[in-house]
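Colleague: Numbering (UniProt numbering), first residue to last: 1 to 158.
For every residue, glycine included, the Cβ atom is placed at its ideal position computed from N, Cα and C.
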C-alpha cells in the first residue's frame, strides 16, 4: 500500500511538472488522475488495499468536516441567542476501537467536535466517558457516534 501511495504522489508531481501549474487544485487533479491510472493498471493484482482505503479516508475526512461545521453552527447559534438550548450530560461510551492509535484518534476526533469532550478512558480501554453539551437521548448519541464517526474512522484505519 505504501508503494502505491508513493507512486501516486510521484504521478501527481509529474502531472504538476508537465502542466507547469503549481496550484493545489492541479496537484489534487494529478493525484486523482494518478489514482485512476494505478487502479486501471493493477486490476489483476491481488493487493487492492490502497484502492479500498483511499476512498474511505476521503469519505471520513468529508464526514468529519461536515460534523464539525454542523456542531460549530449549533454552538454558535446557542451562544448568539438569549435562550440556552444546552442539555449537558455525561455518556458512558463502549468503544469498538482496539489499538492505541484507534482509541487516540477517536478520542481526538470526538474532543475536536464542538460540544463534546472526552473526560476519561477506562483502565481496560473499552469504555470512554464523554461530556456532551446537547444530550437529548444518551442511547441515540452512542448509536450515532458508533455508526457514524467510529465506524468510518475504523474503516479508514483497518
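1. On the criterion of 16 or more Cβ atoms from any shown chain inside 10 Å, does residue 97 qualify as buried, or is it exposed?
2. My guess is that residue 107 and residue 121 are in contact by the Cβ rule of under 8 Å, so how many angstroms apart are they, rounded?
3. Can residue 79 and residue 114 be called in contact, C-beta distance under 7 Å?
4. Considering only the alpha carbon of each residue, which of 136, 53 and 64 lies closest to residue 155?
5. Got a sec? Which residues, its chain only, sit under 7 Å from residue 50 by beta carbon, not counting five neighbours each side?
6. Along the chain, where does the alpha helix (DSSP H) that runs through residue 109 open and close?
7. Using the DSSP secondary-structure output, state which residues sit across from residue 154 in a beta bridge.
8. Applying the criterion that 16 or more other CB atoms from any shown protein chain within 10 Å of the CB defines a buried residue, is residue 8 buried or exposed?
9. Between the segment 127 to 146 and the segment 80 to 90, do three or more beta carbon pairs fall short of 8 Å?
10. Since residue 149 and residue 67 should fall inside the 8 Å C-beta cutoff, what is the C-beta to C-beta distance between them, to a whole number of angstroms?
11. What are the start and end residues of the beta strand (DSSP E) that includes residue 116?
12. Would you call the CB atoms of residue 30 and residue 16 closer than 7 Å?
Modeller: In this structure, then:
1. The residue given as residue 97 occupies position 97 in the chain shown. Buried: at least 16 other Cβ atoms inside 10 Å.
2. Here residue 107 refers to the residue found at position 107 of the chain shown. Here residue 121 refers to the residue found at position 121 of the chain shown. Taking a contact as a CB-CB distance under 8 Å, the pair residue 107 and residue 121 counts as one, their CB atoms being some 7 Å apart.
3. Residue mapping note: residue 79 aligns to position 79 of the chain shown, counting from 1. Residue mapping note: residue 114 aligns to position 114 of the chain shown, counting from 1. It is not a contact, given that the beta carbons lie outside the stated cut-off.
4. Numbered from 1 along the chain shown, position 155 holds the residue referred to as residue 155. Answer by Cα proximity: 53.
5. Within the chain shown, numbered from 1, the residue matching residue 50 stands at position 50. So the qualifying residues of the chain are 1, 4 and 5.
6. Numbered from its first residue, the chain shown carries residue 109 at position 109. Counting along the chain, the alpha helix (DSSP H) containing residue 109 begins and ends at 100 to 112.
7. Within the chain shown, residue 154 is the residue found at index 154, counting from 1. Residue pairing by DSSP places residue 154 in no beta bridge whatsoever.
8. Counting from one through the chain shown, the residue named residue 8 turns up at place 8. In the assembly as shown, residue 8 is a buried residue. Its beta-carbon has 16 or more other beta-carbons within 10 Å.
9. Because the criterion of three Cβ pairs below 8 Å is met, the segment 127 to 146 and the segment 80 to 90 touch.
10. Residue numbering aside, residue 149 sits at position 149 when the chain shown is read from its first letter. Residue numbering aside, residue 67 sits at position 67 when the chain shown is read from its first letter. The pair is a contact, with the Cβ atoms about 7 Å apart (cut-off 8 Å).
11. As a position in the chain shown, residue 116 is number 116, starting the count at 1. Run containing residue 116: 116 to 121, per the beta strand (DSSP E) assignment.
12. Within the chain shown, residue 30 is the residue found at index 30, counting from 1. Within the chain shown, residue 16 is the residue found at index 16, counting from 1. Cβ distance < 7 Å, so residue 30 and residue 16 count as in contact.
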